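Engineer:
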Amino acid sequence: MTGKQRLGVNIDHVATLRNARGVDYPDPLRAAKLVEAAGGDGITAHLREDRR
């Protein structure tokens with residue numbers, strides 16, 4: 001493998017924790033901003049119609 005390795009972060013579990021707790025934290029948007037600020041190369045979030 002040549003070149004710089006890249007980091008992609010899936011933030012689905014952030015929303016899973018929030019929903020399981022029934023509260024408004026942790027915030028997936030804040031998690032995405034932290035990934036970006038830390039130099040992450042990609043952010044993945046799977047959007048669902050049923051909003052689960």
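Numbering of the sequence shown is given in my numbering, commencing with residue 1 and proceeding in unit increments. Think of the CB as a built atom: it goes at the ideal place given N, C-alpha and C, for glycine as much as any other residue. Note that the coordinates shown come from a computational prediction; the quantities given were computed from them, not determined experimentally.
1. Applying the 10 Å Cβ sphere with the 16-neighbour rule, what's the burial state of A31?
2. What are the boundary residues of the alpha helix (DSSP H) that includes V35?
3. Could you compute how far the alpha carbon of P26 sits from the alpha carbon of Q5?
4. Which residues in the same chain have their Cβ closer than 8 Å to the Cβ of A45, if we skip the five residues on either side of it in sequence?
5. Going along the chain, which residues of its own chain have a beta-carbon closer than 8 Å to the beta-carbon of G40, five neighbours each way excluded?
Structural biologist: According to the structure shown:
1. Counting from 1 along the sequence shown, the entry for residue 31 is found at position 31. The residue is buried, with at least 16 neighbouring Cβ atoms inside 10 Å.
2. On the sequence shown, residue 35 is found 35 positions in, with the first residue counted as 1. V35 -> alpha helix (DSSP H) spans P28 to A37.
3. Reading the sequence shown from its first residue, position 26 is the one you call residue 26. Reading the sequence shown from its first residue, position 5 is the one you call residue 5. Roughly 28 Å between the two C-alpha positions.
4. On the sequence shown, position 45 is the one that residue 45 refers to. Only N10, I11, D12, A15, P28 and A32 meet the Cβ criterion.
5. Numbered from 1 along the sequence shown, position 40 holds the residue referred to as residue 40. These residues qualify, in order along the chain: L7, G8 and V9.
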